[in-house]
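Colleague: Quick note: the sequence shown uses my numbering, first residue 16, plus one each step.
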Amino acid sequence: MKEKKPAAKKKPAAIKQKKRKFYLTTAIAYTNGPPHMGHTYQFTVADTIARWHRMKGEDVLFLTGTDEYGMKLKKTAEKLGKTPEELTNENTEKFKELDKLMNISFNIFNRTTDKQVHWPTAQKVWMLLSKSGDIYKKKYSGLYCYGCESFKTERELVNGLCPEHQKAPELVEEENYFFSLTKYTKKIEELIVKNEIQIIPETRKLEVLNMLNEMGDVSFSRPTSSLKWGIPVSGDSSQVIYVWCDALTNYLSGIGYASEPKKFRKYWPADLHAIGKDILKFHSIFWPAMLLSAKLPLPKKIFVHGFVTSGGQKMSKSIGNVVDPFEMIKLYGAESLRYFLLREIPSGEDGDFTEEAFMQRINSDLADNLGNLVNRILVLTEKYSGGVVPKTDKKSFLAEKSEEIIKKVNEYLEEFKFHHALESIFSLSSDANRYINETEPWKITVKEELNEVLYNTLETIRIISVLLYPFMPQTAERISEQIGVDKDFSEKMLQWGLLKAGTRTKRGDVLFRKVMKVNLGE
Numbered sequence: 016m017k018e019k020k021p022a023a024k025k026k027p028a029a030i031k032q033k034k035r036k037f038y039l040t041t042a043i044a045y046t047n048g049p050p051h052m053g054h055t056y057q058f059t060v061a062d063t064i065a066r067w068h069r070m071k072g073e074d075v076l077f078l079t080g081t082d083e084y085g086m087k088l089k090k091t092a093e094k095l096g097k098t099p100e101e102l103t104n105e106n107t108e109k110f111k112e113l114d115k116l117m118n119i120s121f122n123i124f125n126r127t128t129d130k131q132v133h134w135p136t137a138q139k140v141w142m143l144l145s146k147s148g149d150i151y152k153k154k155y156s157g158l159y160c161y162g163c164e165s166f167k168t169e170r171e172l173v174n175g176l177c178p179e180h181q182k183a184p185e186l187v188e189e190e191n192y193f194f195s196l197t198k199y200t201k202k203i204e205e206l207i208v209k210n211e212i213q214i215i216p217e218t219r220k221l222e223v224l225n226m227l228n229e230m231g232d233v234s235f236s237r238p239t240s241s242l243k244w245g246i247p248v249s250g251d252s253s254q255v256i257y258v259w260c261d262a263l264t265n266y267l268s269g270i271g272y273a274s275e276p277k278k279f280r281k282y283w284p285a286d287l288h289a290i291g292k293d294i295l296k297f298h299s300i301f302w303p304a305m306l307l308s309a310k311l312p313l314p315k316k317i318f319v320h321g322f323v324t325s326g327g328q329k330m331s332k333s334i335g336n337v338v339d340p341f342e343m344i345k346l347y348g349a350e351s352l353r354y355f356l357l358r359e360i361p362s363g364e365d366g367d368f369t370e371e372a373f374m375q376r377i378n379s380d381l382a383d384n385l386g387n388l389v390n391r392i393l394v395l396t397e398k399y400s401g402g403v404v405p406k407t408d409k410k411s412f413l414a415e416k417s418e419e420i421i422k423k424v425n426e427y428l429e430e431f432k433f434h435h436a437l438e439s440i441f442s443l444s445s446d447a448n449r450y451i452n453e454t455e456p457w458k459i460t461v462k463e464e465l466n467e468v469l470y471n472t473l474e475t476i477r478i479i480s481v482l483l484y485p486f487m488p489q490t491a492e493r494i495s496e497q498i499g500v501d502k503d504f505s506e507k508m509l510q511w512g513l514l515k516a517g518t519r520t521k522r523g524d525v526l527f528r529k530v531m532k533v534n535l536g537e
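Rendered as structure tokens:
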């Protein structure tokens, strides 16, 4: 009798690695006006971060959107002879158009007027604040800045004017609901000092710590007698939830706080809020206080960028120095604009936009450096290798240089130093151009030596394309197409030697052409 063979052991099922989640938000844009260059910069910064985290294989959720309520919007609509709804719908479409033109890879576009998605969350958070005993009603008289959508103390004014909008605030007397912000300022200070709420750069962290001692309780509603355009306060039809309580909760509503609990638990807390310095107080003090009151986890990091100025001054219609992002895209292209904003503006600081500086970056960096490198090596490959990537086992100094730059770029992106990251990438492009100049492949007669130059330069360009992807995705894709490789920009592609010999190149149009002076005012 034959013995039965023991049953073969089943191989254990492969454990699927759970992707690390990364939830990133921009500030939602206020729809009292069309998009400006500051919005364009913030969206581009956030998109760069989102793409970089996707490259690392993370489960990225990227939220942007529009803030559509408030007195400022109502007053602007009245001046234009429109309803608030008409104005906000019109400008929301412009923000969506800008996102599309700038290739912003958001997952969620959240609107605060959305009664199904946003209203239930704003009202739920209000009820939680109330349940914690942190909402109370009182009559109040104070100086109100419609530009900032907030009350101002005398100490915050400069010569009686709001320093941000250069206008005198109006005296407002009304009965509002207030939020007990002062109950949480000590706790917020502790959290910021311990970096449990990390504010980047450090200068902004110190700014917030200095603000905390001056904070009072804040108005969180407006009477419908003066403002009907808003989300009603539950149980009190005489009041609407005011802009900051309403707008900040969009970070919760966008990921389903009131409707999709599983999704909310997966993505909250936010890993990063990317904001402008003008709304630092609201995101680093008001928002954490609200979350503490509602007993919800706090965001991990807040990255604060500066303003985009023009000729050293804040952009202003009255001065006549406003630069329209749509016009810039039309004249010079979205990729050039992405590059200029990320390269020219120092991380966390103000940065200046001038036509001359923009042209200089396009001509020297994009056309003469990167564009020239890609075009000349593809021409050389066609001429001396039949348009096919040659084989070589030899590495030039560019291999070691590439590894060094990859490490630097990762470090700079961790610190949100986009300008330094791009400076490093373009230094690698300069080195590759120098390598061609010094080796003079058109003079080389030994095939193996010629192959070495062609391959090392082509592989450097492939590495550059992967590094460039978060900053200039369309440019990265065009480079990949021309050197004949797949559009795979995952982190694993940042290894030397992945360009296969025998790959056929496909030289196309030059990446960037030099530009001539254009009068932005015409």
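Just so it is clear, CB atoms sit at the ideal spot from N, CA and C, and this is done for glycine as well. All figures in this text were calculated on a predicted structure; none of them were measured in a lab.
With a CB to CB cut of under 8 angstroms and the five nearest residues on each side skipped, what residues in its chain are close to K89?
Modeller: The beta carbon of K89 sits closer than 8 angstroms to those of P99, L242, W244, all from its chain and outside the five residues before and after it, given in chain order.
Colleague: Identify the continuous beta strand (DSSP E) that holds R126 and give its terminal residues.
Modeller: 123-126
Colleague: Hey, L186 and L227 are a contact pair by Cβ (cut 8 angstroms); roughly how many whole angstroms apart?
Modeller: Not a contact, Cβ separation roughly 26 angstroms.
Colleague: Quick check on K292: does DSSP put it in helix, strand or coil?
Modeller: helix
Colleague: Excluding the 5 residues flanking L483 on each side, which residues of the same chain have their C-beta closer than 7 angstroms to its C-beta?
Modeller: I440, T490, A491
Colleague: Are V233 and L196 closer than 7 angstroms when you measure CB to CB?
Modeller: yes
Colleague: Along the alpha helix (DSSP H) that carries F279, what are the first and last residues, could you check?
Modeller: 276-282
Colleague: Mapping the DSSP letters down to three states, classify C177 as helix, strand or coil.
Modeller: coil
Colleague: Across the stretch 344-361 and the stretch 39-59, are there enough close Cβ pairs to call them in contact, namely three or more that are closer than 8 angstroms?
Modeller: With a cut-off of 8 angstroms, the stretch 39-59 and the stretch 344-361 count as touching, because enough Cβ pairs lie within range.
Colleague: Under 6 angstroms Cβ to Cβ from S495, same chain only, skipping five residues before and after it: list those, please.
Modeller: For S495, the CB contacts under 6 angstroms within the same chain, skipping 5 residues up- and downstream, are S480, K502 in chain order.
Colleague: Assess, as a yes-or-no matter, whether the stretch 129-142 is touched by the stretch 263-275 under the definition of 3 or more beta carbon pairs within less than 8 angstroms.
Modeller: yes
Colleague: Taking all protein chains shown into account, decide if W283 is buried (16 or more other Cβ within 10 angstroms of its Cβ) or exposed.
Modeller: buried
Colleague: Within the chosen definition, does the stretch 358-369 reach the stretch 312-327 through at least 3 CB pairs nearer than 8 angstroms?
Modeller: yes
Colleague: What's the gap between the Cα of K34 and the Cα of K182?
Modeller: 49 angstroms
Colleague: Name the residue from K398, V60, E455, Y84 whose alpha carbon lies nearest to the alpha carbon of L39.
Modeller: V60
Colleague: Using DSSP with H/G/I as helix, E/B as strand and the rest coil, what is H549?
Modeller: Not covered by the structure: residue 549. The range shown for the chain is 16 to 537.
Colleague: Helix or strand or just coil, what does DSSP make of E537?
Modeller: Residue confidence is low: E537 scores 40 on pLDDT, short of 50, so the model does not pin down where it sits. No coordinate-derived value is stated.
Colleague: According to DSSP, is P247 part of a helix, a strand, or is it coil?
Modeller: Strand at P247.
Colleague: So the alpha helix (DSSP H) V525 belongs to, where does it begin and stop?
Modeller: Counting along the chain, V525 falls outside any alpha helix (DSSP H), and DSSP gives it neither H nor E.
Colleague: Just checking my contact of L553 with V319 at CB under 8 angstroms: how many whole Å lie between their CB atoms?
Modeller: Any property of residue 553 remains undetermined from this structure, which presents the chain solely from 16 to 537.
Colleague: Between the beta-carbon of W141 and the beta-carbon of I256, is there less than 7 angstroms?
Modeller: yes
Colleague: Per DSSP, F193 forms a beta bridge with which residues?
Modeller: Y151, S234.
Colleague: Quick test of the definition: if touching needs 3 or more C-beta pairs under 8 angstroms, does the stretch 100-119 touch the stretch 136-154?
Modeller: no
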